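Down below is the structure, laid out as structure tokens.
There are 2 protein chains.
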Amino acid sequence: MDAKEILKQHIAKTATLTDEQFDYLFSHFKPQSYKKGQVVISEGDKVDNEYFVISGCLKAFFINDEIKMYILQFAMPTWWTSDYGALYNHTRATISIDCITDAEVLCLSNHDREKICNELHQAEHFFRWRTNRGYLASQKRLLSFMNNDTKARYEELLSLYPQLYNLVPKHLIAAYLGVSRETLSRLYHAHK
Amino acid sequence: MDAKEILKQHIAKTATLTDEQFDYLFSHFKPQSYKKGQVVISEGDKVDNEYFVISGCLKAFFINDEIKMYILQFAMPTWWTSDYGALYNHTRATISIDCITDAEVLCLSNHDREKICNELHQAEHFFRWRTNRGYLASQKRLLSFMNNDTKARYEELLSLYPQLYNLVPKHLIAAYLGVSRETLSRLYHAHK
DNA sequence: TGCAGAATGTGATATACATCACGTAGCTAC
DNA sequence: GTAGCTACGTGATGTATATCACATTCTGCA
Numbered sequence: 001m002d003a004k005e006i007l008k009q010h011i012a013k014t015a016t017l018t019d020e021q022f023d024y025l026f027s028h029f030k031p032q033s034y035k036k037g038q039v040v041i042s043e044g045d046k047v048d049n050e051y052f053v054i055s056g057c058l059k060a061f062f063i064n065d066e067i068k069m070y071i072l073q074f075a076m077p078t079w080w081t082s083d084y085g086a087l088y089n090h091t092r093a094t095i096s097i098d099c100i101t102d103a104e105v106l107c108l109s110n111h112d113r114e115k116i117c118n119e120l121h122q123a124e125h126f127f128r129w130r131t132n133r134g135y136l137a138s139q140k141r142l143l144s145f146m147n148n149d150t151k152a153r154y155e156e157l158l159s160l161y162p163q164l165y166n167l168v169p170k171h172l173i174a175a176y177l178g179v180s181r182e183t184l185s186r187l188y189h190a191h192k
Numbered sequence: 001m002d003a004k005e006i007l008k009q010h011i012a013k014t015a016t017l018t019d020e021q022f023d024y025l026f027s028h029f030k031p032q033s034y035k036k037g038q039v040v041i042s043e044g045d046k047v048d049n050e051y052f053v054i055s056g057c058l059k060a061f062f063i064n065d066e067i068k069m070y071i072l073q074f075a076m077p078t079w080w081t082s083d084y085g086a087l088y089n090h091t092r093a094t095i096s097i098d099c100i101t102d103a104e105v106l107c108l109s110n111h112d113r114e115k116i117c118n119e120l121h122q123a124e125h126f127f128r129w130r131t132n133r134g135y136l137a138s139q140k141r142l143l144s145f146m147n148n149d150t151k152a153r154y155e156e157l158l159s160l161y162p163q164l165y166n167l168v169p170k171h172l173i174a175a176y177l178g179v180s181r182e183t184l185s186r187l188y189h190a191h192k
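Here's what the structure looks like:
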């Protein structure tokens, strides 16, 4: 299945577009390929685009003053990613994004998204629901952070995305869980 | 300023509606008054409405198996609140909401919101942006949880919402920060 | 093929925080 | 007014996790 078809099916779950409308919408997306390790958005950048993942795995992360990394999102196929704070507020990136594996994405500029949303009511509908789901996922993760200990969060993550275990290095999983790599290592060697 | 005018100005920041369109939209909102301590949504309830706060302060919270409470949101005037997971997915409430002070709200049913969004493109636009902002706030709080210690999060909260200090009991602030009330108490008596 | 750097395991120690326990002050109801 | 409840402070102790240090294994690549 090609990129266009993947996006089409993804949107069809939420919004009803004619083929012509979808073609028009799709004409604003720009395909892009990245190699493993390549940087998509770097802290301090001007952010113009958001990215729809076709294949591969990216990470969106924050580096604090002590050079410690926290991962906000592993972006897998059919997920959207960007530094949305910077994108919507026209500020410089505080979040960086790079590729854990080779990856193909579709880029959509902030300007084009707003233009399409304005022109096509169904597109606005789609983006409302996409953000809805992101909001709910974020709330859920926040609750999990407050309520569950590290082990429970680790198991929750792996039961949701079993592919991560082999796809991404353990220290990145630790950075997603918000614990040190040592603690994570001890965790899953203790309860074998 | 009455409830209608408060909502009107709130929406006008994001979407352009004619007076007729706003009147139509407003006709779907139902005003409601609550007393301090009154429950708006209780865990296990069917959730049909979301709430726009006109006055007072509500809290949205989760109680875990060990009867420990975590506060997801203090809902202040012009904020929206509900158990959105339950509301959108038509499941039972896992989040409860009650009133910290006497409060006035405007209720909007899930059904009516979707109806209005369908009928009025600008309403869909408004709700997309409202959710956007909620998503960004949630991401920011998540990052703060991973990156900052309790003291920093406490000071961040109070600098954002100074009125909370006198409005809500300290153990609720602790439940928002995700620490025990003892730890919070020690925190702000240590660094005077 | 072999080497450098990345990823991972593991021990020792320090620390932030939870938990338990108890005390006090203030508010509310009748 | 007093009984009871809620909010809040504070000490003692236990525990999960960070941090530092070093060893081991894996992997890409020249």
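Chains as they are written, first to last, in UniProt numbering: chain R, 1 to 192; chain Z, 1 to 192.
Yeah, the Cβ is synthetic: ideal placement off N, Cα and C, and Gly gets one too.
Here the structure is a predicted model, which means the values were calculated and not measured.
What's the C-alpha gap between residue i and residue j?
{"i": "T18(Z)", "j": "A12(Z)", "result": "10 Å"}
{"i": "H125(R)", "j": "A190(Z)", "result": "50 Å"}
{"i": "M146(R)", "j": "Q21(R)", "result": "43 Å"}
{"i": "I97(Z)", "j": "L58(Z)", "result": "7 Å"}
{"i": "S55(Z)", "j": "P77(R)", "result": "43 Å"}
{"i": "I67(Z)", "j": "I6(Z)", "result": "37 Å"}
{"i": "Y161(Z)", "j": "L157(R)", "result": "33 Å"}
{"i": "H10(R)", "j": "N166(R)", "result": "26 Å"}
{"i": "T14(Z)", "j": "E155(Z)", "result": "30 Å"}
{"i": "K36(Z)", "j": "F62(Z)", "result": "19 Å"}
{"i": "A103(Z)", "j": "K4(R)", "result": "49 Å"}
{"i": "W79(R)", "j": "M1(R)", "result": "16 Å"}
{"i": "G134(Z)", "j": "L184(Z)", "result": "26 Å"}
{"i": "H28(Z)", "j": "A174(R)", "result": "47 Å"}
{"i": "A60(R)", "j": "D23(Z)", "result": "42 Å"}
{"i": "F26(R)", "j": "D65(R)", "result": "40 Å"}
{"i": "E119(Z)", "j": "V39(R)", "result": "42 Å"}
{"i": "L136(Z)", "j": "N148(Z)", "result": "17 Å"}
{"i": "K115(R)", "j": "E43(R)", "result": "27 Å"}
{"i": "A123(Z)", "j": "S159(Z)", "result": "32 Å"}
Thinking residue i and residue j are a contact (beta carbons under 8 Å), I'd like their distance in whole angstroms, please.
{"i": "Q32(Z)", "j": "V105(Z)", "result": "5 Å"}
{"i": "V53(Z)", "j": "A86(Z)", "result": "Actually they are not in contact, since the Cβ atoms of V53(Z) and A86(Z) sit about 19 Å apart, beyond 8 Å."}
{"i": "C107(R)", "j": "K30(R)", "result": "4 Å"}
{"i": "N132(Z)", "j": "Y70(R)", "result": "About 22 Å separates the two Cβ atoms, so there is no contact after all."}
{"i": "Q139(R)", "j": "S138(Z)", "result": "6 Å"}
{"i": "L142(Z)", "j": "R130(R)", "result": "The Cβ separation is near 18 Å, so there is no contact."}
{"i": "F127(Z)", "j": "R128(R)", "result": "6 Å"}
Can residue i and residue j be called in contact, C-beta distance under 8 Å?
{"i": "T150(R)", "j": "L177(R)", "result": "yes"}
{"i": "H111(Z)", "j": "H121(R)", "result": "no"}
{"i": "T81(R)", "j": "Y51(R)", "result": "yes"}
{"i": "K170(Z)", "j": "R186(Z)", "result": "no"}
{"i": "Y34(R)", "j": "C99(R)", "result": "yes"}
Leaving out five residues on either side along the sequence, give the residues of the same chain with a beta carbon under 6 Å from the beta carbon of residue i.
{"i": "D83(R)", "result": "I41, V47, A93 and I95"}
{"i": "V168(Z)", "result": "I100"}
{"i": "V179(Z)", "result": "T150"}
{"i": "H90(Z)", "result": "none"}
Between which residues of its own chain and residue i is the CB-CB distance below 7 Å, once the five residues before and five after are set aside?
{"i": "K192(Z)", "result": "The predicted position of K192(Z) is uncertain, since its pLDDT is 36 and thus under 50; a value taken from the coordinates is nonetheless stated next. Nothing listed; no residue qualifies."}
{"i": "S109(R)", "result": "D48 and N49"}
{"i": "S144(Z)", "result": "R153 and E156"}
{"i": "K8(R)", "result": "F22"}
{"i": "D45(Z)", "result": "R92 and A93"}
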